[in-house]
Amino acid sequence: MVKRIVFAIVWCVVLYFGACVVIGAIAGGIASANLQPGQDAAAVGAHAGASVVGLYRPYIGLGALAIAVVGSYFEILPGTRRNPSSPG
Numbered sequence: 545m546v547k548r549i550v551f552a553i554v555w556c557v558v559l560y561f562g563a564c565v566v567i568g569a570i571a572g573g574i575a576s577a578n579l580q581p582g583q584d585a586a587a588v589g590a591h592a593g594a595s596v597v598g599l600y601r602p603y604i605g606l607g608a609l610a611i612a613v614v615g616s617y618f619e620i621l622p623g624t625r626r627n628p629s630s631p632g
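If you're matching positions, the sequence shown starts at 545 in this note's numbering and goes up one per residue.
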């Protein structure tokens with residue numbers, strides 16, 4: 545049981561940071577595609593990614609938590625499956 549809880553916490557952290565990276569990269573890519581002459585693509589992309597992730601951070605966290613809890617409860621996520629020989 546403790547192992548499943550620990551893996552649920554690990555999965556929550558992994559899903560949270562993974563989603564932040566993906567969402568920030570998409571926002572940065574979209575912002576960098578619409579550059580004006582003389583603008584720094586890295587600075588524009590970083591600012592856009594940080595803005596979007598900062599705005600949606602609570603929703604990303606709740607989504608990661610929900611996926612981790614449900615995935616751990618139903619033993620969908622790797623590391624959360626019980627061994628048939630061990631109780632609970």
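Cβ coordinates follow ideal geometry from the N, Cα and C atoms, glycine included. Since this is a predicted model, take the numbers as computed values, not measurements.
Residue i by DSSP, collapsed to three states: which one?
| i | result |
| --- | --- |
| G623 | coil |
| L606 | helix |
| G589 | helix |
| L599 | helix |
| F561 | helix |
| F618 | coil |
| G582 | coil |
Below 8 Å on the Cβ atoms is my guess for residue i versus residue j; work out the distance and round it to an integer in Å.
| i | j | result |
| --- | --- | --- |
| V588 | I567 | That belief does not hold up - the Cβ atoms of V588 and I567 are roughly 16 Å apart, past 8 Å. |
| A563 | I604 | 5 Å |
| W555 | L606 | No, W555 and L606 are not in contact; Cβ-Cβ is about 14 Å, not under 8 Å. |
| A586 | L579 | Actually they do not touch by this definition, with Cβ atoms about 11 Å apart. |
*Taking 8 Å as the threshold, find out whether the stretch 604 to 621 comes into contact with the stretch 550 to 567 through three or more Cβ pairs.*
By the Cβ test, the stretch 604 to 621 is in contact with the stretch 550 to 567, since at least three Cβ pairs between them sit closer than 8 Å.
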